[in-house]
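Take the sequence shown: its position 410, counted from the start at 1, is 977 in my numbering, and no numbers get skipped. A short write-up of the structure that comes next.
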Amino acid sequence: MDEFQDMTNHHTITRPPRIFLPENFRVTDWSSLQPWYDELLARLIQSAEDLRTWFRHRSELEAVVADDLAWRYIHMTRFTDDQAASESYRFFVEELQPRIAPLTDSLNRKAMESRYLGELQRLPGYDILIRNLQKEIDLFREENIPLFTEINLEQQKYNRIAGAMTITFRGQELTLQQAGVLLQEPDRVLREEVYRLITARRLQDREQLDALFTRLVRLRHQVAVNAGFANFRDYMFKALGRFDYTVQDCYDFHEAVRLHVVPQLNRLMEARKANMKLTALRPWDKAADVLGRAPLRAFHNGAELAEKGIKCFARIHPYLGYCLQTMREMGHLDLESRKNKAPGGYNYPLAELGIPFIFMNATSTLRDIVTLMHEGGHAAHNFLTRNLELYHFKSTPSETAELASMGMELISMEAWDEFFPQ
Numbered sequence: 568m569d570e571f572q573d574m575t576n577h578h579t580i581t582r583p584p585r586i587f588l589p590e591n592f593r594v595t596d597w598s599s600l601q602p603w604y605d606e607l608l609a610r611l612i613q614s615a616e617d618l619r620t621w622f623r624h625r626s627e628l629e630a631v632v633a634d635d636l637a638w639r640y641i642h643m644t645r646f647t648d649d650q651a652a653s654e655s656y657r658f659f660v661e662e663l664q665p666r667i668a669p670l671t672d673s674l675n676r677k678a679m680e681s682r683y684l685g686e687l688q689r690l691p692g693y694d695i696l697i698r699n700l701q702k703e704i705d706l707f708r709e710e711n712i713p714l715f716t717e718i719n720l721e722q723q724k725y726n727r728i729a730g731a732m733t734i735t736f737r738g739q740e741l742t743l744q745q746a747g748v749l750l751q752e753p754d755r756v757l758r759e760e761v762y763r764l765i766t767a768r769r770l771q772d773r774e775q776l777d778a779l780f781t782r783l784v785r786l787r788h789q790v791a792v793n794a795g796f797a798n799f800r801d802y803m804f805k806a807l808g809r810f811d812y813t814v815q816d817c818y819d820f821h822e823a824v825r826l827h828v829v830p831q832l833n834r835l836m837e838a839r840k841a842n843m844k845l846t847a848l849r850p851w852d853k854a855a856d857v858l859g860r861a862p863l864r865a866f867h868n869g870a871e872l873a874e875k876g877i878k879c880f881a882r883i884h885p886y887l888g889y890c891l892q893t894m895r896e897m898g899h900l901d902l903e904s905r906k907n908k909a910p911g912g913y914n915y916p917l918a919e920l921g922i923p924f925i926f927m928n929a930t931s932t933l934r935d936i937v938t939l940m941h942e943g944g945h946a947a948h949n950f951l952t953r954n955l956e957l958y959h960f961k962s963t964p965s966e967t968a969e970l971a972s973m974g975m976e977l978i979s980m981e982a983w984d985e986f987f988p989q
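Spelled out as structure tokens, the structure:
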């Protein structure tokens, strides 16, 4: 709460003062970055305090680089038809990442080889940091650097292809997300027409997407083989830092879902078919209300979604409302679906500033509310970690991150009457 009181005294949140890089430093090209990596690699470390300072300086450099990549990615996904945004992202992936990767590995090895590392291991957070550094060293292979470049560029192609997909329904051009809202309409004939239009549009790019998927499978498999793994699944299991459970635990969970969840889902589908008085349940029947009622309209546009979301969060705790309101005031919300916007949604942490960016493709549905609650949970997590000592401390494994986001989906339900007043 003290941090909340302090932060609300400022109209605009600014990044903390830099201690290593110049205040006006910006990532431009490799010549601007390389000297800072070289300095860290060459620095003589003669005490545990020297090593801790070294970690802080490295953290600052990597946070600045991470934020630069973040904004390039954000702009590229917001406007997939913007050639300048696309080229900016491509420049980082092709020109900077391949040079940063081997130096990052060298920094990891320098840290792990320091005689003073054991003294820091007793400090909060450093034990997990050290474990992750060792994981990164174990996974790094020089020959994988160009493969990761190619993977990132192939993924960019997917965003461009998917972002351009629209249908024309009764004279109106709609994104696939906007069209998907019509699958909730009571009129079954209308739903089928929309579903078939959406499917036909996706199939127009079938060959491109199939080829893209095939290339990504090949590239990812080669990354895994190069790193000594039998397959990409096993590689990613380690890359994601899954130290606390095994591949077999996942198989056991899948089997439990097959045995206990799938039959329940089938029963729900049978009940849906019966309630809708259908002889066969079709894909265009899954989102409509079983009693034929008109679909819920939770909001009309992104501005209303943000406003009601802030009120919803504030009712749970004022600090949560403050987080979302701050993001809105800083222009860190892009919520509405539009043409040439990448699909999906994300909360992108911005490590140096500490104020993340939420990207969504909202239309008007209940699912959009859930998505904002989910991404807002991630965002609150970012706010709460913004003052931690090191950049590495702010990056949580997916299980911890999703606890914050999915927990917010549940906790926020008590305030959803902001969207659906009685």
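Think of the CB as a built atom: it goes at the ideal place given N, C-alpha and C, for glycine as much as any other residue.
Item	Value
Beta-carbon gap between L663 and L600 smaller than 8 angstroms	yes
Expected contact under 8 angstroms - CB spacing of Q701 and M643 to nearest Å	The Cβ separation is near 33 angstroms, so there is no contact.
The segment 914-921 in contact with the segment 881-890 per 3-pair CB rule at 8 angstroms	no
Presumed contact (8 angstroms Cβ cut-off) between L750 and R758, rounded CB distance	5 angstroms
Ordered list of alpha helix (DSSP H) runs contained in the segment 720-779, each at least 4 residues	743-748, 755-771
Buried versus exposed call for H578 [16 or more other C-beta atoms within 10 Å across all chains shown]	Its pLDDT being 48, under 50, H578 is placed unreliably in this model, and the coordinates cannot settle the point.
Cβ contact (3+ pairs, closer than 8 angstroms) linking the segment 957-974 and the segment 936-944	yes
Contact set for E721: own chain, Cβ-Cβ below 8 angstroms, skip 5 residues either direction	L779, R782, L783, L786
For F960, the three-state DSSP class (helix, strand or coil)	helix
Limits of the unbroken beta strand (DSSP E) element including Y818	Not the beta strand (DSSP E): Y818 falls in the alpha helix (DSSP H), residues 814-823.
Assigned secondary structure, Y683 (DSSP; H/G/I helix, E/B strand, else coil)	coil
F880 in three-state terms, based on DSSP	helix
Residues that DSSP places opposite A929 in a beta bridge	E903
Whole-Å CB distance - A982 paired with I883, under 8 angstroms assumed	6 angstroms
Inter-residue spacing [alpha-carbon to alpha-carbon] between E606 and L618	14 angstroms
CA-to-CA distance, E680 to W638, given in whole angstroms	34 angstroms
Three-state secondary structure (DSSP) of F658	helix
Integer-rounded CB distance, given that I922 should sit under 8 angstroms from H899	6 angstroms
Three-state secondary structure assigned by DSSP to F866	coil
I641 and F960 closer than 8 angstroms at C-beta	no
DSSP-derived helix/strand/coil call for N954	coil
Beta-carbon contacts of L696 that lie in its chain and below 6 angstroms, excluding the five residues immediately before and after	H959
A873 versus N907: straight-line alpha-carbon distance, rounded	22 angstroms
Buried versus exposed, by CB contacts within 10 Å (16 or more), D634	buried
Cβ pair H624, F592 closer than 8 angstroms	no
Backbone CA spacing between T932 and F810 [nearest angstrom]	37 angstroms
Limits of the beta strand (DSSP E) - the one that N914 falls within	913-915
In DSSP terms, what F622 is bridged to	Answer is none; F622 lacks a bridge partner.
Bounding residues of the alpha helix (DSSP H) (the contiguous stretch that carries F986)	Here F986 belongs to no alpha helix (DSSP H), and DSSP marks it neither H nor E.
Own chain partners of Q789 with C-beta closer than 7 angstroms, once the 5 adjacent residues on each side are dropped	L714
Assumed close pair D672, I718 - CB separation to whole angstroms, cut-off 8 angstroms	Not really, about 18 angstroms apart at Cβ, beyond 8 angstroms.
Where the alpha helix (DSSP H) through K702 begins and ends	693-706
Own chain, CB closer than 6 angstroms to C879, minus 5 neighbours either side, in chain order	S979, A982, E985
Cβ-Cβ distance between Q739 and S904 below 8 angstroms	no
F804 (DSSP reduced to helix, strand or coil)	helix
Length at least 4, wholly inside the segment 626-653: the alpha helix (DSSP H) runs in chain order	none
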